[in-house]
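Following: one structure in structure tokens, then a few remarks.
2 protein chains.
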Amino acid sequence: MAARSKSVRSGNGPANSRGKPTLRTIADITGLAVTTVSRALANAPQISIDTRNRVRQVALDIGYSPDRAAQRLKTGRTNVIAVLLEPHEEILGYGTSVMAGIAKALQGTSYHLIVMPNFLNAANIDAINYIIRNSMADGLIFSRTEPLDPRVMLLSENGFPFVTHGRTELATAHAFVDYDNFTFAYEATRRLIAKGRRKLALISGPAGYTFAGHIQHGFMTAVREAGCAYEILSDIDLDSPAGAIRDRIRRRYAEKDPPDGFACGGEVCALATITGMTDCGLTLGLEYDIVAKQTSQLLGAIQPRVDTIYEDLTATGEHMGRILLRRIAGSTDINELQLLLSPELPFETQAAGAAS
Amino acid sequence: MAARSKSVRSGNGPANSRGKPTLRTIADITGLAVTTVSRALANAPQISIDTRNRVRQVALDIGYSPDRAAQRLKTGRTNVIAVLLEPHEEILGYGTSVMAGIAKALQGTSYHLIVMPNFLNAANIDAINYIIRNSMADGLIFSRTEPLDPRVMLLSENGFPFVTHGRTELATAHAFVDYDNFTFAYEATRRLIAKGRRKLALISGPAGYTFAGHIQHGFMTAVREAGCAYEILSDIDLDSPAGAIRDRIRRRYAEKDPPDGFACGGEVCALATITGMTDCGLTLGLEYDIVAKQTSQLLGAIQPRVDTIYEDLTATGEHMGRILLRRIAGSTDINELQLLLSPELPFETQAAGAAS
DNA sequence: TCGTATGATGAAAACGTTTTAAATGGACGA
DNA sequence: TCGTCCATTTAAAACGTTTTCATCATACGA
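Rendered as structure tokens:
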């Protein structure tokens with residue numbers, strides 16, 4: 001019935017130049033117009049239920065899937081979420097953990113996750129410019145913010161949806177997920193004090209990043225409250241190679257008044273600290289203690305058990321994904337776009353909440 | 357001069373509905389036709405040098421960049437390379453190392469790297485089907501092949517360009533980069549024997565993967581040559597959590613004739629082995645030795661220095677990238693599509709070569 | 001002077017969608 | 001009987017490229 005008026009296609013098969021079925025193929029088979037098919041698949045209310053079902057069935061039968069390039073060209077939306085991965089994230093699969101979380105958040109949506117590895121050119125403001133200009137994605141996720149992060153400024157100015165892992169101190173609010181590194185460091189330091197340690201040392205993040213400041217602040221608050229001696233280990237940080245940290249620990253121990261308690265912002269650096277101390281003939285839990293941030297199962301191999309405080313990077317990724325989707329959908333409600341994860345609370349019971 | 361005949365655009369600015377300059381914008385400014393502009397930017401020889409330069413200059417001035425969606429729709433090419441990342445690769449940034457290499461290979465080309473994280477659904481043949489059907493990419497890279505890998509079969513059947521990290525035993529040749537795990541294991545075992553160890557144990561990859569078989573084969577060859585006692589530690593493998601390996605080592609030590617030399621396929625598992633042995637009061641280099649495969653700087657933190665054999669994952673990624681580009685360009689010459697990396701040779705001097 | 005080769009440019013169609021605006025055909029109230 | 005409204009469906013344009021096929025000077029050999 002209802003034969004097409006003009007330019008009837010040869011057969012009913014996937015009569016496409018590239019071999020893949022298109023809307024046109026379905027239109028030919030059903031005798032409907034391309035418009036109707038498009039609408040039916042989009043579940044438009046103006047198309048009768050019967051037609052919608054019929055079209056859906058045919059689409060299923062012939063294995064139709066929409067051409068993303070065409071959709072993208074027409075709508076201007078990419079259906080892509082980009083993650084900016086940086087060199088530092090090589091260590092211990094930070095990237096993969098976070099990405100697993102993001103992927104989880106994107107599951108069931110039409111969004112794809114693409115990773116823009118920034119391994120090559122350190123100037124990552126360029127990468128962001130590139131993404132905006134080439135409209136490579138509908139939204140962006142990246143990490144390790146600075147207090148006055150230029151990337152955040154650029155994206156904000158352009159109204160490009162994004163979520164950061166980490167806070168800034170910029171006036172214009174933006175979407176973020178952050179771990180409460182102040183509380184982490186405060187708690188870690190308190191634990192060291194509770195273990196009877198009296199000369200505490202901190203290995204924090206690289207200077208310049210917001211989270212490094214938070215860690216330092218938490219550490220300082222705790223040592224000052226307790227009135228105990230402290231130091232922040234210079235020349236090294238979280239990202240330093242294990243060997244460098246190990247050497248630094250050894251050198252420090254050769255000087256006077258070496259620390260007997262270490263707050264470590266990461267696992268590798270805890271590991272390196274232990275190694276350095278072992279070099280000096282000292283035993284963890286006996287002559288000194290460590291409290292470290294844990295993001296993987298690495299320290300599970302270490303003995304004796306290192307005292308850790310957990311940061312769930314996969315959950316972080318999942319939150320960032322969800323928040324970004326909200327932002328892309330148009331939300332500007334800061335309360336549902338910002339999330340500060342506490343070290344204590346497990347993922348499930350975590351509630352959204354604003355932060356400074 | 358040369359005013360456009362019909363439908364002259366309002367101004368000379370980015371008179372686009374979406375605000376971004378297009379070929380049309382350049383055409384209006386230069387007074388040329390869209391066709392000519394397209395050709396000029398593609399550096400077509402039929403366009404005069406003068407025009408080419410003029411067009412390029414204008415494009416630069418107004419910040420033109422081609423719309424990938426439109427190019428993609430028209431040409432059918434996506435300019436995208438996809439990497440299938442799997443859960444196991446979380447450990448120690450395998451994924452990120454490899455991706456850094458791939459990104460390096462893609463640098464300067466028009467290709468983008470996108471990562472399809474397969475964290476969620478273990479059935480990753482689906483992911484591949486999805487990529488093929490939705491033509492998400494022009495080429496694919498993935499790892500951990502099985503001898504009769506169904507993914508390889510599917511891709512081969514569809515003529516979809518891909519490179520695997522790892523070999524298969526399929527009849528139809530395909531592009532791959534692989535590390536010579538036989539030689540790695542053989543060499544590692546020989547080193548243990550040279551250190552005077554006489555009861556050797558192997559921690560290999562998960563059963564079913566091609567590389568696990570290669571490791572086992574290398575190990576067996578070496579122990580048989582030397583005629584020394586050996587065992588393959590059951591119940592655990594490379595991917596086992598550190599705690600599980602540690603426990604397994606402890607249990608094994610409680611039994612009779614414990615091994616005094618360990619060949620470990622990975623760093624975390626070496627670390628866990630050391631921990632387990634330390635639990636039993638044994639010292640590395642004294643009562644036992646380890647030779648492990650090294651893919652990161654993790655073991656640099658460990659003391660005493662663990663004997664390792666290096667696998668350069670970034671180089672692997674770079675090779676895979678280059679080979680995939682060749683394959684996409686149409687090469688079917690197996691000699692330039694297959695590469696077996698030897699443990700010994702540094703990256704620079706590595707030459708392409710066929711493999712079994 | 002004419003036809004033709006040559007070198008440069010252009011018009012129009014196509015890729016597969018979505019969207020705007022219009023058409024169709026009853027049903028219904030007057 | 002006629003106009004109006006509603007529910008469906010459709011035609012056509014558009015998104016920004018690339019590509020096929022034409023056009024148009026100009027120069028050139030005869």
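Those sequence lines, one after another, are chains A and B.
All letters in the first sequence, in the order written, are residues 1 to 356 by our numbering.
All letters in the second sequence, in the order written, are residues 357 to 712 by our numbering.
Every residue gets a Cβ at the ideal spot worked out from N, C-alpha and C, and that includes glycine.
Predicted model only: the values in this text are computed from it and were never measured.
For residue i, which of helix, strand or coil comes out of DSSP?
{"i": "residue 520 of chain B", "result": "strand"}
{"i": "residue 174 of chain A", "result": "coil"}
{"i": "residue 156 of chain A", "result": "helix"}
{"i": "residue 94 of chain A", "result": "helix"}
{"i": "residue 236 of chain A", "result": "coil"}
{"i": "residue 650 of chain B", "result": "strand"}
{"i": "residue 104 of chain A", "result": "helix"}
{"i": "residue 289 of chain A", "result": "strand"}
{"i": "residue 427 of chain B", "result": "helix"}
{"i": "residue 502 of chain B", "result": "coil"}
{"i": "residue 336 of chain A", "result": "helix"}
{"i": "residue 127 of chain A", "result": "helix"}
{"i": "residue 366 of chain B", "result": "For residue 366 of chain B, the predicted model reports a pLDDT of 40, less than 50, meaning its position is unreliable; a value from the coordinates is still stated below. Note: residue 366 of chain B maps to coil in three-state DSSP."}
What number of angstroms, rounded off, separates the C-alpha of residue i from the C-alpha of residue j?
{"i": "residue 148 of chain A", "j": "residue 588 of chain B", "result": "54 Å"}
{"i": "residue 313 of chain A", "j": "residue 624 of chain B", "result": "20 Å"}
{"i": "residue 525 of chain B", "j": "residue 566 of chain B", "result": "8 Å"}
{"i": "residue 194 of chain A", "j": "residue 311 of chain A", "result": "22 Å"}
{"i": "residue 453 of chain B", "j": "residue 94 of chain A", "result": "12 Å"}
{"i": "residue 564 of chain B", "j": "residue 531 of chain B", "result": "20 Å"}
{"i": "residue 433 of chain B", "j": "residue 489 of chain B", "result": "14 Å"}
{"i": "residue 591 of chain B", "j": "residue 630 of chain B", "result": "18 Å"}
{"i": "residue 615 of chain B", "j": "residue 607 of chain B", "result": "12 Å"}
{"i": "residue 33 of chain A", "j": "residue 509 of chain B", "result": "38 Å"}
{"i": "residue 609 of chain B", "j": "residue 653 of chain B", "result": "28 Å"}
{"i": "residue 229 of chain A", "j": "residue 309 of chain A", "result": "22 Å"}
{"i": "residue 332 of chain A", "j": "residue 172 of chain A", "result": "12 Å"}
{"i": "residue 64 of chain A", "j": "residue 150 of chain A", "result": "43 Å"}
{"i": "residue 20 of chain A", "j": "residue 55 of chain A", "result": "17 Å"}
{"i": "residue 305 of chain A", "j": "residue 335 of chain A", "result": "38 Å"}
{"i": "residue 293 of chain A", "j": "residue 184 of chain A", "result": "8 Å"}
{"i": "residue 385 of chain B", "j": "residue 414 of chain B", "result": "8 Å"}
{"i": "residue 31 of chain A", "j": "residue 62 of chain A", "result": "15 Å"}
{"i": "residue 241 of chain A", "j": "residue 23 of chain A", "result": "55 Å"}
Check for me: the alpha helix (DSSP H) holding residue i runs from which residue to which?
{"i": "residue 111 of chain A", "result": "It is not in any alpha helix (DSSP H) - residue 111 of chain A carries neither H nor E in the DSSP assignment."}
{"i": "residue 582 of chain B", "result": "566-582"}
{"i": "residue 59 of chain A", "result": "49-62"}
{"i": "residue 38 of chain A", "result": "34-41"}
{"i": "residue 632 of chain B", "result": "623-635"}
{"i": "residue 26 of chain A", "result": "23-30"}
{"i": "residue 325 of chain A", "result": "313-328"}
{"i": "residue 548 of chain B", "result": "537-550"}
{"i": "residue 494 of chain B", "result": "Unbroken run through residue 494 of chain B: none, as it is neither H nor E."}
Quick check on the DSSP output: the beta strand (DSSP E) that includes residue i runs from which residue to which?
{"i": "residue 308 of chain A", "result": "307-310"}
{"i": "residue 261 of chain A", "result": "261-264"}
{"i": "residue 555 of chain B", "result": "555-559"}
{"i": "residue 598 of chain B", "result": "From DSSP, residue 598 of chain B is part of no beta strand (DSSP E) but of the alpha helix (DSSP H) over 598-610."}
{"i": "residue 81 of chain A", "result": "80-85"}
Residues in the segment 404-429 of chain B with C-beta within 9 Å of chain A's C-beta atoms, listed in sequence order?
For the segment 404-429 of chain B, the residues whose beta carbon sits under 9 Å from a beta carbon of chain A are, in order, 419, 421, 422, 423, 424, 425, 426, 427, 428 and 429.
Problem set entry | Contact list for the segment 587-608 of chain B against chain A, Cβ threshold 8 Å | Those would be 597, 598, 599, 601 and 602, in chain order.
key: At least three beta-carbon pairs within less than 8 Å, the segment 260-277 of chain A to the segment 155-169 of chain A   = Verdict: no, contact absent.
| Three-pair Cβ contact test at 8 Å for the segment 177-188 of chain A versus the segment 215-230 of chain A | Pairwise C-beta distances place the segment 177-188 of chain A in contact with the segment 215-230 of chain A, as three or more of them are shorter than 8 Å.
- Message: Three Cβ pairs or more, each shorter than 8 Å: is that satisfied between the segment 237-247 of chain A and the segment 275-290 of chain A?
- Response: Yes: at least three Cβ pairs fall under 8 Å.
Residues of the segment 479-509 of chain B whose Cβ lies closer than 7 Å to any Cβ of chain A, in chain order: Look at the segment 479-509 of chain B: the residues with a C-beta under 7 Å from a C-beta of chain A are 489 and 490.
The segment 493-501 of chain B / the segment 422-440 of chain B touching (three or more Cβ pairs under 8 Å): The way I'd put it, the segment 493-501 of chain B does touch the segment 422-440 of chain B; three or more beta-carbon pairs between them come closer than 8 Å.
Checklist entry - What residues in the segment 668-683 of chain B bring their beta carbon closer than 8 Å to a beta carbon of chain A? => result Flagged: no residues at all.
Do the segment 123-131 of chain A and the segment 325-344 of chain A make contact, defined as three or more Cβ pairs closer than 8 Å? Contact fails: fewer than three Cβ-Cβ distances are below 8 Å.
Next item on the list: Closer than 7 Å, Cβ to Cβ, to anything on chain A: give me those residues from the segment 447-470 of chain B, in chain order.
Entry: Listed by position, the residues of the segment 447-470 of chain B near chain A (Cβ gap below 7 Å) are 447, 448, 449, 451, 452, 453, 455, 456, 459, 460, 463, 469 and 470.
The segment 463-473 of chain B in contact with the segment 396-411 of chain B per 3-pair CB rule at 8 Å: Too few Cβ pairs lie closer than 8 Å, so no.
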